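S.K.: Okay, handing you the structure first.
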Amino acid sequence: MAVVNTEALLGIFETPEQVAGALDRLRADGFLATDMTVLTDAPYPEGAFGEASERHRLYVWPFVGAACGLAVGLLLTIGTQISYPLVTGGKPILAIPPMINVLYEGTLLGALIMTVIGIIFESRLPDLSAAPYDPRISQGYFGVLVFRLAGRADMAQRALRRAGAIDVVGTLPSG
Amino acid sequence: MVVDVDRCTGCQACVVACQAENNVALNEEQRFLEHRAKEWIRVERYWEGEFPNVKARFLPVLCQHCDNAPCEPVCPVYAIYHSADGLNVQVYNRCVGTRYCGNGCQWNVRFFNFWDPSWPEPLNWQLNPDVTVRSKGLIEKCTFCIQRINRAKRTAAQAGRTVSDGELQPACAQACPTNALVFGNRKDPNSRVSTLSASPRRYRLLEELGTEPSVVYLKRVEVDVEQE
Amino acid sequence: MQERAALSPAQINGDLLHFALKTPRQFWIALGVLGAIVLAGVVSEGFIVVLGLQLLGLTNTVYWSVFIANFVFWVGISHAGVMISAILRLVYAEWRRPITRCAEVLTIFALATAGLFPLIHTGRVWRTIYWVFPYDFTRNVWPDVRSALIWDPSAIVTYLIGTILFVYSDLLPDLANARDRSAGFRRRVYAVLSLGFRGTVRQWRLQTIAGILLASLILPVFVSVHSIVSWDFSMAILPGWHSTIFAPYFVIGAIHSGVAGVVTVMVLVRRFLRLEDYIRPEHFDAVGRLQVVVAASWLFFFLMDFYFGIFSREAAEIEVWNLRLFTPPYSALLLVMIITGYLIPVPLWLFRRCRRSVRIMFWTSLAVNVALWIERYMLVITPLSYKEPFTFTWVTAYKPQPVEYIITAAAVALVLLGLLVFAKLFPIVPVWAVKEGQVLRREVRIGRVTVPAVAREKKY
Amino acid sequence: MSEVLGPVARRRAHQAEIEALLTRPRGLAGPAFGAAAGVLGLLALAAGVNLGMLALGSAEPRAKWGYTASAVAFLLQTFQGAPLLALTARLTKSLWAASLNRIAELMALGGLITAPVFVLLLFQLPDWHTRPSIWFDWPGAPQGYDAAAILMLALAGLSLVELTTRPDRRSANPKHWALLDAGAGTLGAIYALLYVYVQVLLMGDLAMSLVPGWHSAIVPASHAIQGLQAGFASVVLAAALTRRLGRVQHAMPLDAFWSASKLLLALTLLFFYLFWAEFLTYWYGRRPDEQTLLTLLMFGPYAVPFALSLLLNFAAPFALLIWNRVRRSVAGPMAAAASIVLGSLFEQIRLFVPAWSLAGPVRKELEAIPPAVFPALPDVLILIGLPAAAALLTICALRAVAPVSIWEYKSELLLKADEPYLRAEVTVLAKPS
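Protein chains in written order, with our numbering: chain A, 76 to 250; chain B, -16 to 211; chain C, 604 to 1063; chain D, 1487 to 1919.
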């Protein structure tokens, strides 16, 4: 979603040190921290490449989900019991302790579903963009993706090459 | 219902009457050996004392129609509920056969249909048209002959009155030669059932479970002084 | 504890994606054998549907039997996934990395298999749809929330959906990896499933948080599931069932069998996928330590159930224990249970050398699950078949029938089949997590020894 | 890729801190310590005098021992539950707890107070013949077995204190270290087993046996878990106080409280879970004896302490601890811990006072629920004085040893360090096998 219809360049690197260097170089050339990202095959400690820290609202999702789950649970448990009030075993028509068991599950189910949706959403997935990608990244190489080039493609490519990129791929014809 | 144990002779007439009235499947010997026999009402026989001074004690056991029945709330599909008359009602159509109610019942009066029942010719001609034949895979049990209750209620309603005491009897009570089984309205303080259950001989089966059974038993009167 | 060898990312890809991308002949053989067993189970179930439950060994008192024991057993096994994966994630245990996914996948298939049992044990299977879904719209008769058998599906559905989502979100990076390593139709499927995951900083950030967040959300579900299963029993006022301790007792029993189940699967995966470099003796060592604690707690709860069963000196409860302790075949089963569930494995696990022996761990883990199956069998059968106050139900020995054996075996085969097919389609060892382990791997020299170490993000 | 670090250099940098810990006047400073010790001592004395008067008074009614039993159970939950934190940390090799282990273990000294009063209580039990019991009518039951268990637990606690403080009290040689390595784990495991065993005896013999119809198998387990909860909470509370008053902020990092509060949250959830398991079984079963028990222990005469217990043991700490911002502080976990410790007291009151109000001849079932027994002044003094006595022992011990175990602190420094990782900084943890 982030880079739909935007020109972008992807530099392929062999070591994480080169990646950190490439980011420094790009920033020195006037690229904003938000105009680039690093592609890796495993999570690295936050800020390891000197990249901008990512803000997200994932922690809100489970709470919203829990509230929805609880609401649906309340509706179901109360609704089913009062819509046709049959006495069973001398228990009250609105029997709270059994309801709590079901409500608990409903709440957590809501929280779980919303969290996973949240993870996908916050990860900016599904990603339908045509931004450059290279299978080598999941093979242990590192990628530096620069977007919002706005005519600075050559500059970016030079910076990437100079930082030690073994290859640069991109959506625009490389010059 | 009141069961006067003192009057019970263990003749099993109630069992046969129930079997005929309610289309309960036939119990062959093999069924008893498999412990899968169905008797909506059964007569328990206990031996007391040492030979030659032996006594047989009889105890008719049927669904107790508990007010706080342990079988009712465990059903996930409302196949069992408590009717306004105080009956513990089994809805065959809804039953999916989890058999959870059978586990909850301490009196073992809920019977599971392990197979589709069949009656060899000509016994199939004596099936009661007022009572459903239950298919395999569900739980059935004593209904206090609900078909008779409903008929009596209809008749009374047509005549513009309420059902009077003794107007209807379930098959077992009707068949009992010694009147050991008495059926009636517990809510009516003047009914025979109410009078009898005020007796000092009164007790209920497994009363300590707190399920408030609707069936009241009357203790046997001990005449044999030697035993005491 | 971490004696991991340093591995290159390409090598990790090759090792871990190998089975998913190539199809060896053994796969088809295993598929055929397991499929045949499952088919036998399906045919048996067909007979049950047509002829009724007379084919089972049920009697007028023993209304629940092997099927319910199987249900409890498989729900127990399914607790492995979260136990291993979630708790180890929350405590940042490094050794979790290669085993989290097989634990979680075991959960999915064990739980799905468990879920079949309450359905097929009902008298009218074709109507059970009413039970799980509201059916009688016109008359407004819905399922009864007051029944423990409604809490049950709600818990199991929650757990199943939660675990599937958990596995899926954890699988995204590996699906992307598989997409990059495959071609043609497979590539398209993996591409769609991976939702275009590319491994940006942001995506990895969310992956790491997701692991912790989902783990802490699914742990409360995990505890509730087996508790609710236990309440199926303890809500009934049956002596031997109606016990307050059942919920934690079931949960700890589930953890005991579940961790053992994970060990079994770890050995199988290690052996058949040739992952000796990834699932290593130190992993078995760590699980073994855990098992000592779990087994001790399980024994404690078992003893509490026993002590406070006979504590009150109530005739009925004592009768149940009489049946379990002194009446064959239950007395023999109880003896086997204690021996295989505690007396043999725990002394072995106390020794580091035994914990590091894959063979010993495999057989002890199987022994534990034999014990735990017997435990569930005893819990279900004995309270139902003790001598009740009425002569009508005095002699009620329950004997399992052939179809029950077949379907029990089919359940085992079904779970294994599920694992096999999953391992065929997806990487069963989380590739990215193993790579993360390599990224964070360090060594520290203290004096003259070099100690393995791990880097963690600074917390503040 | 891995670089070899220089832990020795790091350690030298921290040497100054360690020296400060060693040389500074320990625990509370002079006059403040005197004042605190004086107050605690007076309270302890008052409790002792009142206990003596109770013991010398008439045997009946036994209900008068209800609050003493609650106080004993409270000590067992808090002071004697505390060392389990150190055990858990050692078993899982958790470095975060290194700075809490010392406080946790010193609190085992509370066993010196618990054991004699527990034994005293055992001899106030009514006639044991035909009483529901795990001992049945064995000779010497229950006094002999129970007294042996509680004394062994106190002894195990003392040995744990002796063993783990030794390296700080005198210079240790390699033999000591070897002993410490094996001993701390083994002794900890023994302590834990004894602790659970004592919990079974406490709930079985001093509570359930006295109430007709009460045979809830979950109670020993749930009480033991509550002991873990209250024990961990009292460590957090005591450590937070020591940190402030003893000015050892740098030696007790925030990390310890953050991690401990996660455990507290889990135990708080477990508390409710175990309560729920018992309640639901009784509520659903609805047998007359169960309904009586629900009234007696939860919703009848003791509804107030029960509600307070649920509020302070579950609702309040749960509402606090689910927020990461609260967990990641000292004040937050401390507030939750204080709530749990107080809640634990009410939990003991709602369990033991009704039980002892029924301490009489053996009865098959409970016909009528006795009215609530309210605490008299002696009861209040005992409830406050016994924990005060245990606290006095702990702060006296803090005069003799540092509030943070120096040897564990040093080994933590060896195993844990911050270092750069490209542009970021990471914490590196060494994991020796």
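Built from N, CA and C at the ideal position, the CB exists for glycine as well.
Please read all numbers here as calculations on a predicted model, not as lab measurements.
To which residues does DSSP link A:M111 through a beta bridge?
M.R.: A:M111 pairs with A:V221.
S.K.: From C:Q657 to C:E1007, what does the alpha carbon distance come to, in whole angstroms?
M.R.: C-alpha separation (whole angstroms): 11 Å.
S.K.: Is the CB of D:S1830 under 9 Å away from at least one CB in chain C?
M.R.: So, not an interface residue.
S.K.: Based on Cα-Cα distance, which residue from D:A1854, D:F1519, D:L1537, D:R1652 lies nearest to D:I1870?
M.R.: When only C-alpha atoms are compared, the closest one is D:L1537.
S.K.: With DSSP collapsed to three states, give me the class of C:F622.
M.R.: Looking at C:F622 - three-state DSSP - the assignment turns out to be helix.
S.K.: Give me the Cβ distance between D:F1560 and D:G1596, rounded to the nearest whole Å; I'm assuming they're in contact under 8 Å.
M.R.: Wrong, their Cβ atoms sit about 10 Å apart, outside the cutoff.
S.K.: For D:L1901 versus D:L1639, is the C-beta spacing smaller than 9 Å?
M.R.: No, the Cβ-Cβ distance between D:L1901 and D:L1639 is not below 9 Å.
S.K.: Does the beta carbon of C:Y989 come closer than 9 Å to any beta carbon on chain D?
M.R.: It does not; no Cβ of chain D falls within 9 Å.
S.K.: Starting from the C-beta of D:A1916, find all residues in its chain whose C-beta is less than 7 Å away, skip the five residues before and the five after it, and write them out in chain order.
M.R.: Contacts found: L1901.
S.K.: Apart from the five residues on each side of it in sequence, which residues of its chain come closer than 6 Å, Cβ to Cβ, to D:L1780?
M.R.: Cβ neighbours of D:L1780 beyond the five flanking positions: Y1768.
S.K.: Do the region 126 to 140 of chain B and the region 149 to 156 of chain B touch if we need at least three Cβ pairs shorter than 8 Å?
M.R.: Output reads yes: the region 149 to 156 of chain B touches the region 126 to 140 of chain B.
S.K.: So, under 8 Å CB-CB, A:I87 and A:D202 are touching, yes? Tell me the CB distance rounded to an integer number of Å.
M.R.: Contact doesn't hold; Cβ gap of about 19 Å is too wide.
S.K.: Straight-line CA distance for D:L1562 to C:T761?
M.R.: Approximately 38 Å between the Cα atoms of the pair.
S.K.: Measure the CB-CB distance between C:V872 and C:V1032 and report whether it falls below 9 Å.
M.R.: Contact: yes.
S.K.: Based on DSSP bridge pairs, tell me the residues matched to B:W30.
M.R.: Paired residue(s): B:A39.
S.K.: Within its chain, find whatever has a CB closer than 7 Å to the CB of D:K1748; leave out the 5 residues flanking it on each side and keep chain order.
M.R.: Excluding positions up to five away in sequence, the list reads R1813.
S.K.: Who are the Cβ neighbours of C:P1030 in its own chain at under 6 Å, not counting the five residues just before and after it?
M.R.: The residues are L619, L620, A623, D777.
S.K.: Report all residues from its chain with a CB closer than 7 Å to the CB of C:E648; omit the five preceding and five following residues, and keep chain order.
M.R.: Once the five neighbours on either side are set aside, the close Cβ partners of C:E648 are I723, I1010.
S.K.: Can you confirm whether the region 1574 to 1589 of chain D touches the region 1813 to 1829 of chain D when touching is taken to mean that 3 or more C-beta pairs between the two stretches lie within less than 8 Å?
M.R.: Touching, no, given that fewer than three Cβ pairs across the two stretches are closer than 8 Å.
S.K.: Determine the closest residue to C:F903 out of C:R916, C:P851, C:V748, C:S860, with distance taken between C-alpha atoms.
M.R.: Of the candidates C:R916, C:P851, C:V748, C:S860, the one whose C-alpha sits nearest the C-alpha of C:F903 is C:P851.
S.K.: Which residue from C:A899, C:R801, C:G638, C:V1042 puts its Cα closest to that of C:I599?
M.R.: The structure shown does not extend to residue 599 of chain C, since chain C spans only 604 to 1063, so no value can be given for it.
S.K.: Along the chain, where does the alpha helix (DSSP H) that runs through D:D1667 open and close?
M.R.: Looking at the DSSP string, the run of the alpha helix (DSSP H) that includes D:D1667 is 1660 to 1692.
S.K.: Along the region 25 to 45 of chain B, where does the CB come closer than 8 Å to a CB of chain D? Name the residues.
M.R.: Listed in sequence order: no entries.
S.K.: In the region 55 to 75 of chain B, which residues sit with their C-beta less than 9 Å from some C-beta in chain A, listed in chain order?
M.R.: Under the 9 Å Cβ criterion, the region 55 to 75 of chain B contributes E55, P56, V57, C58, Y61, I63, Y64, H65, S66, A67.
S.K.: Quick one: Cα of C:E978 to Cα of D:A1805, how far?
M.R.: About 38 Å.
S.K.: Which residue comes first and which comes last in the alpha helix (DSSP H) that contains D:H1709?
M.R.: Segment 1704 to 1731, the alpha helix (DSSP H) holding D:H1709.
S.K.: Exposed or buried, which one is D:Q1834 when buried takes at least 16 other CB atoms within 10 Å?
M.R.: Classification of D:Q1834: buried, given that the 10 Å Cβ count is 16 or more.
S.K.: Quick one: what's got a C-beta closer than 6 Å to D:I1636's C-beta in the same chain, skipping five residues either side?
M.R.: The residues are A1601, F1604, V1684.
S.K.: Starting from the beta carbon of C:I753, find every residue of chain B whose beta carbon is closer than 7 Å, and list them in chain order.
M.R.: The contacting residues are P59.
S.K.: Taking DSSP as the reference, what is the three-state secondary structure of B:Q73?
M.R.: Three-state result, B:Q73: strand.
S.K.: For the alpha helix (DSSP H) holding D:A1877, just list the boundary residues, first then last.
M.R.: Residues 1863 to 1886.
S.K.: Quick one: which unbroken beta strand (DSSP E) runs of 3-plus residues sit fully inside the region 177 to 238 of chain A? Chain order, please.
M.R.: Segments of the beta strand (DSSP E) lying fully in the region 177 to 238 of chain A: 217 to 222.
S.K.: So is B:W108 buried or exposed if we call it buried at 16+ other beta carbons inside 10 Å?
M.R.: Classification of B:W108: exposed, given that the 10 Å Cβ count is below 16.
S.K.: Rounded to a whole number of angstroms, what is the C-alpha to C-alpha distance between D:D1623 and D:P1698?
M.R.: Answer to the nearest angstrom: the Cα atoms are 17 Å apart.
S.K.: Since B:P103 and B:A8 should fall inside the 8 Å C-beta cutoff, what is the C-beta to C-beta distance between them, to a whole number of angstroms?
M.R.: Wrong, their Cβ atoms sit about 12 Å apart, outside the cutoff.
S.K.: For D:W1809, which residues in chain A fall below 7 Å Cβ to Cβ?
M.R.: By Cβ distance, chain A contributes nothing, its closest Cβ being about 10 Å from D:W1809, past 7 Å.
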